[in-house]
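As structure tokens, the structure follows; a few thoughts come after it.
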Amino acid sequence: MEHIKSILKARGLKITVQRIHVYHALEKLKHAPVDEVVKVVQLVLPSITIAAVYNILELYAKEDIIGRMHTTDNKLFYDITSTPHSHLYASTEHRVEDFMDEELKALVSDYLQRKEISGFNLDDITIQLIGHFE
Ligand SMILES: [Zn+2]
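Sequential numbering of the sequence shown, starting at 1435, is according to our numbering.
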């Protein structure tokens, strides 16, 4: 409970019961679309609306407290980790997991440093691998 409270406080944002539970729901889910977050929050706050959960998630994303990612088939997932990183995406079950592979990132980065893309400056690399979990 203390973690999100101190984040909100440090940013001068109001601490509300709804905001705390939305954060903890995403902390549990790690990556989730808004409707999945709603289901988890409603276990403790049954009357919370989808719009309220959405607004809180968008506020957190705007403040870089959480991340936001679109899958290649255009589904929006909120991500408890806000820094850029790569993902595994199982498109049939709509499941996202982190894929932290510094070696792959270094490999692509090295390649692109040699290759250079004309008229484009590279800031970061995030990779989405599409497949299915066993
Ligand atoms: Zn992630």
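Just so you know, even glycine gets a beta-carbon here, dropped at the ideal spot from N, CA and C.
No experiment lies behind these values; they were computed from the predicted model shown.
Check whether residue i and residue j have beta carbons under 9 Å apart
i: H1465; j: V1530; result: yes
i: M1503; j: L1510; result: yes
i: V1451; j: V1468; result: no
Span of the beta strand (DSSP E), counted from its first residue to its last, around residue i
i: I1564; result: 1562 to 1565
Per-residue burial, residue i [other beta carbons within 10 Å of its own, 16 or more giving buried]
i: D1513; result: buried
i: V1472; result: buried
Where residue i falls: helix, strand or coil (DSSP)
i: L1538; result: helix
i: D1469; result: helix
i: D1498; result: coil
i: R1453; result: helix
i: I1441; result: helix
Best match in the options for proximity to residue i [C-alpha to C-alpha]
i: L1522; options: V1474, F1533, S1516; result: F1533
i: G1501; options: E1568, K1473, S1516; result: S1516
i: T1505; options: I1438, L1538, L1563; result: L1563
i: L1477; options: Y1545, L1546, A1459; result: A1459
Any non-hydrogen atom of ligand 2 closer than 8 Å to residue i Cβ
i: H1521; result: With respect to small molecules bound, the structure shown includes ligand 1 and not ligand 2.
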